[in-house]
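J.: Let me give you the structure first, and then I'll get to my questions.
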Amino acid sequence: GNSVTQMEGPVTLSEEAFLTINCTYTATGYPSLFWYVQYPGEGLQLLLKATKADDKGSNKGFEATYRKETTSFHLEKGSVQVSDSAVYFCALGLSSGSARQLTFGSGTQLTVLP
Amino acid sequence: GAGVSQSPRYKVAKRGQDVALRCDPISGHVSLFWYQQALGQGPEFLTYFQNEAQLDKSGLPSDRFFAERPEGSVSTLKIQRTQQEDSAVYLCASSPLAATDTQYFGPGTRLTVL
Numbered sequence: 001g002n003s004v005t006q007m008e009g010p011v012t013l014s015e016e017a018f019l020t021i022n023c024t025y026t027a028t029g030y031p032s033l034f035w036y037v038q039y040p041g042e043g044l045q046l047l048l049k050a051t052k053a054d055d056k057g058s059n060k061g062f063e064a065t066y067r068k069e070t071t072s073f074h075l076e077k078g079s080v081q082v083s084d085s086a087v088y089f090c091a092l093g094l095s096s097g098s099a100r101q102l103t104f105g106s107g108t109q110l111t112v113l114p
Numbered sequence: 115g116a117g118v119s120q121s122p123r124y125k126v127a128k129r130g131q132d133v134a135l136r137c138d139p140i141s142g143h144v145s146l147f148w149y150q151q152a153l154g155q156g157p158e159f160l161t162y163f164q165n166e167a168q169l170d171k172s173g174l175p176s177d178r179f180f181a182e183r184p185e186g187s188v189s190t191l192k193i194q195r196t197q198q199e200d201s202a203v204y205l206c207a208s209s210p211l212a213a214t215d216t217q218y219f220g221p222g223t224r225l226t227v228l
C-alpha cells in the first residue's frame with residue numbers, strides 16, 4: 001500500500017540553523033508530494049508541493065525536491081526562525097475517484113529557540 | 115472568502131452517545147474530504163465527496179461512521195454509539211476541482227469520548 005515515513009521528532013534548533021526533515025514514501029503509480037505545516041492552534045496549511053520527479057517545491061524559504069530514484073521528498077531551510085516552530089507533515093496524493101486523497105506521515109515537531 | 119469551517123471545535127461525549135460533526139467547505143469547492151487524526155499522528159483518510167456523491171468511503175473504520183453531503187456543500191460526519199477509540203481530531207478539507215491537488219483544511223473538531 002501507500003505510505004509515508006517521516007523523520008521522528010521532536011527537532012529543536014537555534015535560530016538561523018539549517019533544517020532538514022527527512023521524508024520517504026512508498027506508492028503505486030505516480031504520486032504528487034506535499035509538505036503541510038500546522039502552527040500551534042491552527043489548521044493544516046499547504047507549505048509546498050511537487051507533482052512529478054525532479055520538481056522542486058519552494059515557499060517561505062523552504063524547499064523540497066521530488067526524488068523518484070530514492071523515493072524521497074526531504075524538507076530543507078537554510079536559516080530557520082522562531083516563527084517556523086510548528087508540526088510539519090509530509091504527504092502523498094494519488095488519484096482516487098478523480099480526486100487525490102492524501103496519505104500523511106506522522107509529523108515532525110520543530111521548535112526553534114531564539 | 116472564508117476558509118473551511120468546522121463545528122463544534124470541541125466535543126465531549128459519553129461512550130455510547132451519537133455525535134454529529136459539521137463541515138462548511140469553501141464556497142464552490144467540488145471536493146470534500148474527511149480525515150481522522152489521532153494524538154501525535156498524521157491525518158488518516160476517512161471519506162471523499164464530489165459534490166453530493168460519496169465516491170470513496172474506504173477509510174471509514176466501522177459501520178458506526180456515516181457521512182453525508184446532501185446538497186453538495188455542507189457535510190456532516192456522524193458517529194453512532196461512540197467508543198473511546200473514536201477520540202481524535204476530525205479534519206475536513208475541500209478543494210476547488212475534482213482533479214486538483216491542493217486541499218484546504220479546516221481547524222478540526224476535537225472529539226473526546228469518556
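Note that the protein sequences, when read in sequence, are chains A and B.
Position one of the first sequence corresponds to residue 1 (this note's numbering), numbered consecutively onward.
Position one of the second sequence corresponds to residue 115 (this note's numbering), numbered consecutively onward.
Where a beta carbon is used, it is the ideal one built from N, C-alpha and C, also for glycine.
Keep in mind that this is a model prediction, so the values were computed, not measured.
Taking 8 Å as the limit between beta carbons, can you name the residues of its chain near A91(A), skipping five residues before and five after?
T.: Position 91 of the first sequence, counted from the start, is the residue given in the question as residue 91(A). Counting only Cβ-Cβ distances below 8 Å, and skipping sequence neighbours, we find V4, L33, F34, W35, Y36, L102, T103, F104 and G105.
J.: For N165(B), which residues of its own chain have a beta-carbon under 7 Å away from its beta-carbon, when the five flanking residues on both sides are left out?
T.: Translated into positions along the second sequence, residue 165(B) becomes position 51. Hits under 7 Å: V144 and G186.
J.: Assign K165(A) to buried or exposed, taking buried as 16 or more other Cβ atoms, counted over all protein chains shown, within 10 Å of its Cβ.
T.: Since the first and last residues shown for chain A are 1 and 114, residue 165(A) lies out of range.
J.: Since E182(B) contacts T190(B) with CB under 8 Å, what's their CB separation in whole angstroms?
T.: Your numbering for residue 182(B) matches position 68 in the second sequence. Your numbering for residue 190(B) matches position 76 in the second sequence. Contact holds; Cβ gap of about 6 Å.
J.: Helix, strand or coil: which one does DSSP assign to F199(B)?
T.: Within the second sequence, residue 199(B) is the residue found at index 85, counting from 1. It is worth fixing the name first, because residue 199(B) is Glu in this sequence and not Phe. Helix, per DSSP.
J.: Using a beta-carbon distance below 8 Å, is L46(A) in contact with chain B?
T.: Position 46 of the first sequence, counted from the start, is the residue given in the question as residue 46(A). Closer than 8 Å to some Cβ of chain B, the Cβ of L46(A) qualifies, so yes.
J.: Ignoring anything shorter than 3 residues or poking outside the region 1–25 of chain A, list the beta strand (DSSP E) runs there in chain order.
T.: List check, beta strand (DSSP E) in window: 3–6, 11–14 and 19–21.
J.: Starting from F159(B), follow the beta strand (DSSP E) in both directions and report where the run begins and ends.
T.: Residue 159(B) sits at position 45 when you count from the first residue of the second sequence. Unbroken beta strand (DSSP E) run through F159(B): E158 to Q164.
J.: Mind checking if L205(B) is an interface residue toward chain A, Cβ cutoff 8 Å exclusive?
T.: Position 91 of the second sequence, counting from 1, holds the residue named residue 205(B). Interface residue, yes.
J.: Tell me which same chain residues have a C-beta within less than 6 Å of the C-beta of N2(A), skipping the five on either side of it?
T.: For the purposes of this step, residue 2(A) is taken as residue 2 along the first sequence, with counting starting at 1. Closer than 6 Å at Cβ, skipping near neighbours: A27 and T103.
J.: How is D170(B) classed by DSSP in three states: helix, strand or coil?
T.: Residue mapping note: residue 170(B) aligns to position 56 of the second sequence, counting from 1. D170(B): strand per DSSP, three-state reduction.
J.: In terms of residues, what are the limits of the beta strand (DSSP E) holding K77(A)?
T.: As a position in the first sequence, residue 77(A) is number 77, starting the count at 1. That run of the beta strand (DSSP E) goes L75 to K77.
J.: Could you give the DSSP three-state label for S83(A): helix, strand or coil?
T.: Residue numbering aside, residue 83(A) sits at position 83 when the first sequence is read from its first letter. Three-state DSSP puts S83(A) in a helix.
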